[in-house]
Every structure is written in C-alpha cells, then in structure tokens.
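The structure under discussion appears below in the form of structure tokens.
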Amino acid sequence: MATRLSRRKIAAFYADELLAGRDIRAQLAAYLVETRRTREYELLARDIEAALADRGVLVADIASSATLSSESRKAVEMYLLDATNAKQIYMRESTDSSLLGGVKAAIPGRELDATLRHKLNQLKASKI
Amino acid sequence: MEYVLTQFASTESTSDGGIFGALGIDITMLVLQAIAFLILVVLLGKFVYPVLIKAVDDRQEKIEESVKAAQAAEEKAESAQENIAALLKEARKEAKEIVTTAKDEATAMVEASDKKAKQRSEKIVADAHEQIEKDVIAARKALHNDTIELVALATEKVIGKTMSSNVDDKVIAAAVKEAN
Numbered sequence: 008m009a010t011r012l013s014r015r016k017i018a019a020f021y022a023d024e025l026l027a028g029r030d031i032r033a034q035l036a037a038y039l040v041e042t043r044r045t046r047e048y049e050l051l052a053r054d055i056e057a058a059l060a061d062r063g064v065l066v067a068d069i070a071s072s073a074t075l076s077s078e079s080r081k082a083v084e085m086y087l088l089d090a091t092n093a094k095q096i097y098m099r100e101s102t103d104s105s106l107l108g109g110v111k112a113a114i115p116g117r118e119l120d121a122t123l124r125h126k127l128n129q130l131k132a133s134k135i
Numbered sequence: 005m006e007y008v009l010t011q012f013a014s015t016e017s018t019s020d021g022g023i024f025g026a027l028g029i030d031i032t033m034l035v036l037q038a039i040a041f042l043i044l045v046v047l048l049g050k051f052v053y054p055v056l057i058k059a060v061d062d063r064q065e066k067i068e069e070s071v072k073a074a075q076a077a078e079e080k081a082e083s084a085q086e087n088i089a090a091l092l093k094e095a096r097k098e099a100k101e102i103v104t105t106a107k108d109e110a111t112a113m114v115e116a117s118d119k120k121a122k123q124r125s126e127k128i129v130a131d132a133h134e135q136i137e138k139d140v141i142a143a144r145k146a147l148h149n150d151t152i153e154l155v156a157l158a159t160e161k162v163i164g165k166t167m168s169s170n171v172d173d174k175v176i177a178a179a180v181k182e183a184n
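Just so you know, the sequences run in chain order V and Y. My numbering puts the first residue of the first sequence at 8, with every later residue one more than the last. My numbering puts the first residue of the second sequence at 5, with every later residue one more than the last.
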C-alpha cells in the first residue's frame with residue numbers, strides 16, 4: 008500500500024511541474040481520484056499557489072466592481088510584485104458590482120481589500 | 005355743816021364701849037362677821053377657786069396651744085411659701101431649660117432637615133445632570149450611528165450611479181499608493 012503523501016509535498020511537486028511548463032491538470036485530477044482525495048482539490052490548489060509564491064511566482068485573485076483598466080491592472084501588478092518580492096505574477100480577475108469601486112487582491116497568506124464596499128463596511132463597523 | 009359735825013360729836017359722847025363703841029362697831033358682830041368671812045374664804049378656796057383657776061389654766065393652756073399652733077402654722081406657711089417659691093424657681097428653671105432644650109432641638113431639627121433637604125436637592129440635581137449626560141451621550145451615539153448609516157447608504161447610492169472607470173482607476177491608484 009502506497010504511503011499517503013502530505014498535501015504540502017504534493018503542492019511542492021506540482022508547483023515545480025508547473026514552473027517546468029508542464030500541464031498538470033490531467034495528472035493532478037487522476038491522482039486525486041486515485042487517492043480518493045478529490046475533496047481536497049481546493050485546498051491543494053491553494054497549497055500549490057502558496058508553493059508557487061515561495062518560488063517567486065504569485066497567483067493573485069483580483070476582484071473589482073468593473074473590468075480593470077490597463078493602468079489599474081498595471082498598478083496592482085506592480086504593487087503586488089513589490090509587496091511580495093515575486094518575480095512573476097498571474098492575476099485571476101473577476102468582477103463584482105457589489106464592491107462599488109476599488110480593488111481586492113487576494114494572494115497566499117494575505118489580502119488587500121481596497122474596495123469601497125470594504126470601506127463602507129468599516130464605516131458601519133465604527134458604529135458605537 | 006355745823007349740824008352734821010355736832011351730830012357726830014353728840015353720838016360719840018353718848019355711846020359706851022371705848023373706841024369701837026365710839027366708832028359704832030359691834031365687836032361681837034365684827035367677830036362673827038370675820039368668822040363668816042373666813043369660812044367663806046375657806047369654802048371659796050376649797051371649792052370655787054380651784055375650779056376657776058383650773059378653768060383659767062385650761063383656757064390659758066388652750067390659748068398658748070393655739071398660739072403655738074398658729075406660730076407653727078405660720079412657720080409652716082412660711083416654710084410652704086419658701087418651698088413653693090423654691091419649687092416655682094425650680095419649675096421656672098426647668099421650664100426655661102425645657103424651652104431652651106426644645107429650642108435647641110427645634111433648631112437642630114430644622115438644621116438637620118435643611119441639610120437633608122439640601123443633600124436631597126443636590127442629589128436630585130446630580131442625578132438629573134447624570135441622566136442628562138447619559139441621554140446626551142446616548143443621543144450623540146444614536147446620531148453618530150444614524151449619520152454613519154445614512155452616509156453609508158447615501159455613499160452607496162451615489163457611488164452606484166456615479167462610478168465610472170475613470171473614478172475607479174483613481175480609487176485603485178489611491179488605494180495602491182496608500183498600501184505602499
């Protein structure tokens with residue numbers, strides 16, 4: 008019987024695979040099915056992103072009220088690279104009109120919420 | 005006058021028995037009368053005078069007793085008057101003390117009452133101040149919260165209508181700058 012590998016080791020392996028330019032989707036899916044760990048898919052994805060971040064490749068989830076302009080995208084990208092000392096960045100963009108304005112960037116271990124919704128929530132939270 | 009003198013002179017010259025006879029005194033009769041007188045004196049001294057003297061003595065004794073009683077009564081009256089005077093003096097003194105004490109007590113009661121009323125009024129004022137302060141704080145809080153709610157709501161409404169890509173870019177740029 009094969010030894011059950013830790014999620015961290017799996018993430019490190021697939022991060023290296025990705026950096027090597029290989030498509031890991033099919034292999035990873037097969038592995039998860041075979042080891043009956045499909046429920047850990049999301050967690051494993053996060054761990055792979057964290058492992059990539061350790062290797063200087065940042066995967067960021069960017070949310071904004073509307074599609075980011077090239078200027079804004081560039082500004083956010085530069086900020087994230089600066090803040091994490093990463094060499095490369097991949098941004099997964101999404102829009103959510105309830106955010107009203109601004110941008111929210113989530114990277115492994117950190118989150119920058121500069122949306123107007125967040126500011127309004129902070130304002131509401133300051134009620135006494 | 006001459007007649008009278010001669011009459012006596014003639015009588016003297018005519019009577020017998022010496023001087024008594026000359027004086028017209030009957031010796032026998034005189035002796036008998038003397039004896040009768042003595043008997044009367046003895047009888048009076050034995051039966052009448054003692055009774056009278058005893059009655060007089062009793063009367064005198066009663067009078068003396070009455071005098072003594074009167075003196076005693078007078079003394080008693082004087083003593084009683086003195087006692088009454090002393091009692092009156094004592095009573096006046098006590099009354100004065102009672103009045104003084106009552107006045108003092110009344111003054112103390114009034115002062116205590118004043119003090120209590122003052123303390124109570126001060127407490128009422130302090131409580132009122134405290135309550136007002138609490139109400140003011142509560143009102144400020146409510147106003148603060150309502151204002152925040154209103155501002156948040158208004159901001160949300162205004163931003164929803166006025167947000168443009170230009171403004172959004174500025175917001176993002178400001179946020180990035182602030183984060184740096």
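All residues carry an ideal CB built from backbone N, CA and C; glycine is no exception. The model shown is predicted, which means the values in this text are computed figures rather than measured ones.
Within 8 Å (strictly less), CB to CB, does Y/M113 reach chain V?
So no, Y/M113 is outside the interface.
Flag V/G116 as yes if its beta-carbon sits less than 8 Å from any beta-carbon of chain Y, otherwise no.
Closer than 8 Å: no.
For Y/E160, decide whether its Cβ has a neighbour in chain V, counting only Cβ atoms nearer than 8 Å.
Chain V, which has a Cβ nearer than 8 Å to the Cβ of Y/E160, makes this yes.
Might you give, ordered along the chain, the residues of its own chain that have their beta carbon closer than 6 Å to the beta carbon of V/D103, omitting 5 neighbours on each side?
So the qualifying residues of the chain are A70.
Applying a beta-carbon distance threshold of less than 8 Å, which residues of chain Y neighbour V/I135?
Those within 8 Å of V/I135 in chain Y are K145, H148 and N149.
Is Y/Y7 helix, strand or coil by DSSP?
For Y/Y7, the predicted model reports a pLDDT of 49, less than 50, meaning its position is unreliable; a value from the coordinates is still stated below. Helix at Y/Y7.
Y/A156 versus chain V: which residues are under 7 Å apart at the beta carbon?
Residues of chain V passing the Cβ test: L127, L130 and K131.
What number of angstroms, rounded off, separates the C-alpha of Y/I57 from the C-alpha of Y/R63?
For Y/I57 and Y/R63, the distance between alpha carbons rounds to 10 Å.
Along the chain, where does the alpha helix (DSSP H) that runs through V/M85 open and close?
Where V/M85 is concerned, the enclosing alpha helix (DSSP H) stretches over S77 to T91.
Take the Cβ of V/L123 as the centre, count every other Cβ of all protein chains shown within 10 Å, and call the residue buried at 16 or more, exposed below.
Answer is buried; the Cβ neighbour count reaches 16.
Quick check: Y/A179 and V/G109, are their CB atoms within less than 8 Å of each other?
Taking 8 Å as the Cβ cut-off, Y/A179 and V/G109 qualify as a contacting pair.
Identify each residue in the segment 49-74 of chain V for which the Cβ-Cβ distance to at least one residue of chain Y is less than 9 Å, and report them in chain order.
Cβ contacts with chain Y come from S71, S72, A73 and T74.
How long is the line joining the alpha carbons of Y/L92 and Y/Q123, rounded to whole angstroms?
Approximately 45 Å between the Cα atoms of the pair.
Mapping the DSSP letters down to three states, classify V/R32 as helix, strand or coil.
Helix at V/R32.
In terms of residues, what are the limits of the beta strand (DSSP E) holding Y/K50?
Element bounds for Y/K50: n/a, residue is neither H nor E.
Which residues in the same chain as V/A60 place their Cβ atom closer than 8 Å to its Cβ, once the five residues preceding and following it in sequence are excluded?
Answer for V/A60: V66, T91, A93, I114, P115 and G116, listed in chain order.
Within the same chain, show all residues whose beta-carbon is closer than 8 Å to that of V/A33, passing over the 5 residues directly before and after it, in chain order.
Cβ neighbours of V/A33 beyond the five flanking positions: none.
DSSP on V/D23, reduced to helix/strand/coil?
The answer is helix: DSSP assigns V/D23 an H, G or I state.
Residues of chain Y with CB under 9 Å from V/A121, in chain order?
Neighbours of V/A121 on chain Y, chain order: V175, I176, A178, A179, V180, E182 and A183.
Name, in chain order, the residues that DSSP records as bridge partners for V/R99.
Answer by DSSP bridge pairing, in chain order: V/D68.
The alpha helix (DSSP H) that contains Y/G22, what's its start and end?
Residues G22 to L27.
What does DSSP give as the partner residues of V/D120 in its beta bridges?
Answer is V/K111.
Y/L224 to Y/L27, Cα distance in whole Å?
Here chain Y comprises residues numbered 5 to 184, so residue 224 of chain Y is not present and cannot be evaluated.
Using a threshold of 8 Å, state whether the C-beta atoms of V/D54 and V/A112 are closer than that.
No, Cβ-Cβ distance for V/D54 and V/A112 is not below 8 Å.
Anything in chain Y within Cβ reach of V/L107, meaning under 8 Å, just list it in chain order.
Correct list: E160, I163, G164 and M167.
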